[in-house]
Amino acid sequence: MRTVDIRRTFLNFFTDRDHQVVPSSSLVTDDPTMLFTTAGMVQFKPYFLRLSTPPATRLTSAQKCVRTVDIEGIGHTDRHTTFFEMLGNFSFGSYGPDEVVPWAYEFLTERLGLDPGRLWATVYRDDDETPARWQRIGIPPERIQRLGMADNYWSTGGPGPCGPCTEIFYDRGPEFGRDGGPAADPDRFLEVWNLVFMRHVRGEGGTDDDFPIVGDLPQACVESGLGVERAAVVLQDVPHIHRTDALLPVLSSVLGQASGSRTRSPELSARIVVDHVRAASFLLADGVLPGPDGRGYVLRRLVRRAVRHARLLGVESPVLADLADQVVDTHMESWPELSGHRALVRQAIAHEEEAFGRTLTHGTRLLDTAIRRARAESGTPEPSGPSGSLEPARTAGSSGRRPALSGRTAFELHDTYGFPVDLTVEVAAEAGLTVDTDRFAALMEHQRERARQARTSASGDVDVPYRALAERHGPTRFVGYDRHQADGTVLALVRDGRELAVATEGERCTLVLDRTPMYAESGGQVGDTGTIRVASGSGSPGPDGDTSLRVLDTRRGPGGLHVHEVEVVHGELRPGEPAQSTVDVRRRQATARSHSATHVLHAVLREHLGGHARQQGSLVAPGRLRFDVSHFAPLDPDQVRAVEDGVNQRLLADPEVRVWETSQAEARAAGAIALFGETYGEVVRVVDIGDFSRELCGGTHVGHASAAGPVRIVGESSVGAGVRRLEALTGVDALRYADHEHRLLEQIQDLLGGSGGSGRSGSGASGDRILDQLRRRLTDLADAERELGKRRRADLLAGADRLVSRRRDTASGGWLVASRVDEPGGVDAGGVDSRDVDLRELAQAVLERGPRDRPGGVVLARAYDGRAQLVLAVDPSSAGRGTAKELLTPAGRAIGGGAGGNGSFAHAGGRDVERLDTALALAADRLTEHLDATAGA
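Residue numbers (full-length UniProt numbering): 1 to 937.
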């Protein structure tokens, strides 16, 4: 049975039992406690916890999953892969163990046709009910084993829903391992199904075999799942997952390209390549791009391990992108999103392979040397067989304690050459060495601490007074979403890290209020500016009786404080005084336009580029925005124009911008986009724009999308590997930019002699006409420059001929030309201005036009722009290393300078123009001596 048929049969089986099919969620989960979707139940966690309501009480799905906790074990077992598919059926209070256990048995034995006599079951050690269920179905007691928490009490590996589970295993026979059931040999007894009775909540901490249970779920649920790849291993009767129908073509391709293998285990390395390329392809299709940390680093590590093992197989040329193509071909029937992202997958993997290939070559060479040195120092013999640190030798020292590679070596490989420390550890282990990772970590921390100290010494710890204020007063109350003016009280004035008793006219400081309408810079949006008025009861008021302040910026401080940077315009200010704050409304509105436009831009980019296009950073400012998006290739002008048109079409449709608050879990369940790495509270603010954009956002926005437009994209560039930056103008600024462009076209048309006038209708056609005119002018200019170049060359050769005609012979039969070219009789005698002559080009022409049957040389001089210039050229056949430079150096000194050049050509310059003739004669004499020596040799 093919993999796709297993999937289809499972979903149909549970659809017949009143389950609703739910599409797979992305591998990129919104759960902040997880990097990836690791199980079928992950997308249903809000339902298990009753944070939201499921669409039905019975659900079934085919879920993409990625687990990387045992990445080093990939290929060493028959059953593990990084990417895998889980077929699941779920109950939210609809049924329990009594129904689901018989269903699992029925599906395996009747729908898939597995031999009941080869099925085993494991149960949690304290579970007395489930063994009885298995026995009633037909599994005898001797094929039922009780195991501990690590094996039969399921959780996601961290806090969340959990519960006892029972697992079904298939006995593949004695050729795959020893007898004794699943507890004895998990390769022979292959786990194919896991049934979890989700009842409890796991807390923080603990170990896999002993973790805390902190409560019960609101209702008992069931999560039951079959591993597609493992079922395929059994049904297709193959030795391991990588030889099932979906992966065998890729494995065969890898093994077919292996040549000159440097590993004793080519099948192992081939499995790793296949596994990692498949996982990388799915991650890329779901929007993950290679990067230095988080999900991006996991992806980068997978590609790097695949590159290394391809090299172990003797595959030196780039191969992973072609393998990714095969992954797409063999999986797109079930996962069509792969086909839609084929180009991105290929390009991203090819780029990573090329970049890391260079690092691997250099780093491996250094690591080889370090490993040999560590072996020699410890007296450990070299492993037998193929040599090189790439070889998985897995050899230990004779004493049983493996020699260690120093942490300093690992640090230098990482810091200087970019060689990943996890790869250093892996390669060292394969060569029978450990790595002093504690020392490595200490060196890394020392480096980070030095960087922190450098930052602190440059700026000081300016947050100290604000932390104290936050502890005394709590966070600032922000009331600026629905008002632009608010009353509050001055809590503190701060300057240079100290609280002030008073701030007087003309002074600048920062001010903290208990309540403010001023938005503090965060989420990419700039802080508000405006004014603050204080009705002073003491001190010196301004001319209208109040103290007036200008707010220059508002930023976020520790503990939720809003820190206002202010300048006292009139009067003086003290803590404790009442204050009325007023936002610069025009600037706020311009910023709100940019922020709403940013959300629309994000949505349109995801439509045009794919789901991988996610925000990586932004700046939202009055009238302009900057948006960093994960994408692997530059956007060409047509793509930029299409994105800009898409944004403006969305804005012109004028959908409502709706802001609402809810729990974080509800927001995520509703599909709100959250930025990975951002910290959100339990209650979050959601911004909807029409039906196409939903994001968690704390910024300010317009009420309807049309108020944000128009948008004009004015820049597209790279800010790092896999990240593109778009810059755009919004609202009035976009209109001004368009007007400026129009006026530029008019000015260009005037310069071209057109009759453009100020007619603004048909500006597109007018621009096309101007472009045609400009192209014709540039073509004419290029033709004229080519013709001028020909004439200059002809004049130069004519001047060279005149100089050659005045050559003089040396005593031993050589010849030379020594002349100033800025005097009558030089090249300007033929109508060539010596200031336009390239002396080097002229000297080379003289050599080419002079006699070819004997050694010759040229020395030319001129005074130009207050400087003396000399060049000297000799026939390359008579030049030695440094000859021309050595011959010209005394002349260069004579004019107050020096000489530079090589064996056949040198140049010199200096300020002493009066001695130019002397220098020319000196150079000519040295050249004559050289030619005589060469001719007489």
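Glycine included, every Cβ here is placed at the ideal spot set by N, Cα and C. Bear in mind that the values here come from a model prediction, so they are computed numbers and not experimental data.
N- and C-terminal bounds of the beta strand (DSSP E) containing residue i
i, result
"residue 702", "Looking at the DSSP string, residue 702 is not in any beta strand (DSSP E), and its letter there is neither H nor E."
"residue 872", "867 to 874"
"residue 689", "683 to 689"
"residue 335", "First-last for residue 335: undefined, no H or E at that position."
"residue 86", "83 to 92"
"residue 967", "This structure gives no information on residue 967, because the portion of the chain shown stretches from 1 to 937."
"residue 630", "624 to 630"
Residues of its chain near residue i, where Cβ-Cβ distance is below 6 Å and the 5 sequence neighbours each way are ignored
i, result
"residue 762", "Annotation note: pLDDT 48 at residue 762 (below 50); position unreliable, coordinate value reported separately. Contacts found: none."
"residue 51", "665"
"residue 335", "none"
"residue 533", "546, 548, 580"
"residue 29", "37, 42"
"residue 196", "154, 163, 165, 223"
Close beta carbons around residue i, own chain, < 8 Å, minus the five adjacent residues each side
i, result
"residue 624", "594, 727, 728, 729, 730, 733"
"residue 67", "36, 38, 82, 84"
"residue 929", "none"
"residue 76", "268"
Reference residue i; option with closest CA among the options
i, options, result
"residue 167", "161, 100, 31", "100"
"residue 114", "481, 235, 336, 817", "235"
"residue 622", "528, 86, 688", "528"
"residue 192", "127, 109, 208", "109"
"residue 407", "418, 815, 435", "435"
"residue 271", "143, 249, 199", "249"
"residue 225", "314, 247, 42", "42"
"residue 47", "28, 836, 22, 92", "92"
"residue 792", "768, 819, 837, 820", "837"
"residue 857", "202, 866, 819, 889", "819"
"residue 866", "907, 911, 904", "911"
"residue 616", "63, 630, 604", "630"
"residue 702", "472, 361, 591", "591"
"residue 159", "518, 723, 31, 241", "31"
"residue 855", "796, 807, 442", "807"
"residue 377", "403, 134, 33", "403"
"residue 64", "337, 371, 605, 259", "337"
"residue 372", "448, 314, 333, 433", "433"
Any chain B beta carbon closer than 8 Å to residue i
i, result
"residue 107", "The displayed structure is made up of one protein chain only, and chain B is not part of it."
N-terminal and C-terminal residue of the alpha helix (DSSP H) that residue i is part of
i, result
"residue 639", "637 to 652"
"residue 473", "464 to 473"
"residue 518", "No alpha helix (DSSP H) contains residue 518, which DSSP labels as neither H nor E."
"residue 130", "129 to 137"
Residue i and residue j closer than 8 Å at C-beta
i, j, result
"residue 210", "residue 188", "no"
"residue 164", "residue 105", "no"
"residue 305", "residue 325", "no"
"residue 511", "residue 526", "no"
"residue 887", "residue 845", "no"
"residue 261", "residue 323", "no"
"residue 600", "residue 658", "no"
"residue 916", "residue 884", "no"
"residue 423", "residue 308", "yes"
"residue 556", "residue 521", "yes"
"residue 850", "residue 931", "no"
"residue 817", "residue 863", "no"
"residue 552", "residue 572", "no"
"residue 723", "residue 597", "no"
Contact test: residue i Cβ vs the ligand HEM heavy atom, cutoff 7 Å
i, result
"residue 926", "The ligand HEM is not part of this structure, which contains no ligands at all."
Nonlocal neighbours in the same chain, by C-beta distance under 7 Å from residue i, ignoring five residues either side
i, result
"residue 344", "284, 610, 612, 632"
"residue 469", "491, 492, 512, 561"
"residue 3", "228, 232, 244, 245, 246"
Open item on the list: Whether or not the segment 795 to 806 and the segment 890 to 909 are in contact is what I'm after, with contact meaning three or more pairs of Cβ atoms, one per stretch, closer than 8 Å; do they touch?
Closed with: Segments in contact, no.
Open item on the list: Check whether the segment 58 to 67 and the segment 317 to 333 touch, using three or more Cβ-Cβ pairs below 8 Å as the test.
Closed with: The segment 58 to 67, when compared against the segment 317 to 333, does not touch it at the 8 Å Cβ threshold.
Open item on the list: With a threshold of 8 Å, are at least 3 pairs of Cβ atoms found where one atom belongs to the segment 638 to 648 and the other to the segment 656 to 674?
Closed with: They do not touch, by the three-pair rule.
Open item on the list: Does the structure place the segment 343 to 353 close enough to the segment 292 to 309 that three or more beta carbon pairs sit under 8 Å?
Closed with: Using a Cβ-Cβ distance cut-off of 8 Å, the segment 292 to 309 and the segment 343 to 353 are in contact, since at least three pairs of beta carbons, one from each stretch, lie closer than that value.
Task: Given 8 Å, three or more beta-carbon pairs between the segment 679 to 694 and the segment 567 to 579 - done: No: fewer than three Cβ pairs fall under 8 Å.
Open item on the list: If contact is defined by three or more beta carbon pairs under 8 Å, each pair taking one atom from either stretch, is the segment 247 to 267 in contact with the segment 215 to 222?
Closed with: Judged by Cβ distances under 8 Å, the segment 215 to 222 makes no contact with the segment 247 to 267, as fewer than three pairs qualify.
Open item on the list: Measuring CB atoms only, is the segment 70 to 79 touching the segment 16 to 36, in the sense that at least three cross pairs come out at less than 8 Å?
Closed with: Below 8 Å, too few C-beta pairs join the segment 70 to 79 and the segment 16 to 36 to call them touching: fewer than three.
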